[in-house]
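Some notes on the structure that comes next.
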Amino acid sequence: MEKLSLINDKLVLLKILPECWFGHAQTSCPFPKEPTINSSEVIASTSSNVNLTCWIDSDDNCPEYLYWYLNDQQTPLENGEKYKEVLRNTHTKCKQEFILSIFNVTENDVGTYSCHWLCEYETTTKAAIDLKVSSEGKNIYHKGQLHCCQKSFLCWGISWKDFDNVLLLSYS
């Protein structure tokens, strides 16, 4: 889009880029990469509910389709009493969480769950998570990543704790 404007008593032709309209700089997302996961193995207790999460890079055209599969079956999992798929925005424009909730976990749910995305200009890519089921009533801990997002410019302090032990303390 072009616009004529008077600057310092001179008529100037300005080119207005669509990403700068309304005073908001719009950044484009990098080319999407394959989905990522925090842990390749999750252990759930019998009768519990569990969430499996893939992080998806996205842009305006990709991914077009997202699916969860169990043990590379030909039919993707569908929302219902057993499963629920949710696509959730994150604090960044170019990344989303693709979550599969599995309800009332049993031994029949053991297997490899894979999240797949498909783009018009890219072959299908996937990330896989092995689900194991424990019938013991003990606590199960997973090594992974924690994410924290502060959405204001106020001073803040964050501490990551392992029970009562402070692992990391930071301030703005």
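In the UniProt record's numbering, the protein residues as written are 1 to 172. Glycine included, C-beta positions come from ideal geometry on N, C-alpha and C. In this text the structure is predicted, and so the values were computed from the model without any measurement.
Asked: Spell out a yes or no on whether the segment 86-105 and the segment 46-59 are touching, meaning 3 or more CB-CB pairs, one atom from each, closer than 8 Å.; Found: yes
Asked: Under the assumption that Y113 contacts L70 (Cβ atoms under 8 Å), give the Cβ distance between them as a whole number of angstroms.; Found: 6 Å
Asked: Here's a check: name, in chain order, each residue in its chain whose Cβ is nearer than 8 Å to the Cβ of T36, leaving out the five neighbours to either side.; Found: C54, W55 and A127
Asked: Smallest Cα separation from residue 179: which of L77, L52 and N108?; Found: Shown here, the chain extends from 1 to 172; a query on residue 179 therefore has no answer.
Asked: Return the bridge partner residues of C115 from the DSSP annotation.; Found: W68 and A127
Asked: Can you give the Cα-Cα distance for L77 and W68, rounded to whole angstroms?; Found: 6 Å
Asked: By the DSSP assignment, the beta strand (DSSP E) with D109 in it spans what residues?; Found: Unbroken run through D109: none, as it is neither H nor E.
Asked: According to DSSP, L100 sits in a beta bridge with which residue or residues?; Found: L52 and E85
Asked: Nearest-angstrom Cα distance between V86 and E64?; Found: 15 Å
Asked: Go through its chain and collect everything with a Cβ distance to H116's Cβ below 6 Å, but skip five positions before and after it.; Found: Y67, T124 and K126
Asked: Return helix, strand or coil for D57, following the three-state DSSP convention.; Found: strand
Asked: When the Cα atoms are used, what is the spatial distance from S28 to H91?; Found: 15 Å
Asked: How is T36 classed by DSSP in three states: helix, strand or coil?; Found: strand
Asked: Please name the residue in E81, E122, D72 and D130 whose C-alpha comes closest to that of P32.; Found: E122
Asked: What number of angstroms, rounded off, separates the C-alpha of L130 from the C-alpha of V110?; Found: It is worth fixing the name first, because residue 130 is Asp in this sequence and not Leu. Straight-line Cα distance between these residues: approximately 8 Å.
Asked: Under a three-way DSSP split, which group does K93 fall into?; Found: coil
Asked: From S101, E81 and K82, pick the residue whose C-alpha is nearest to that of R88; which is it?; Found: S101
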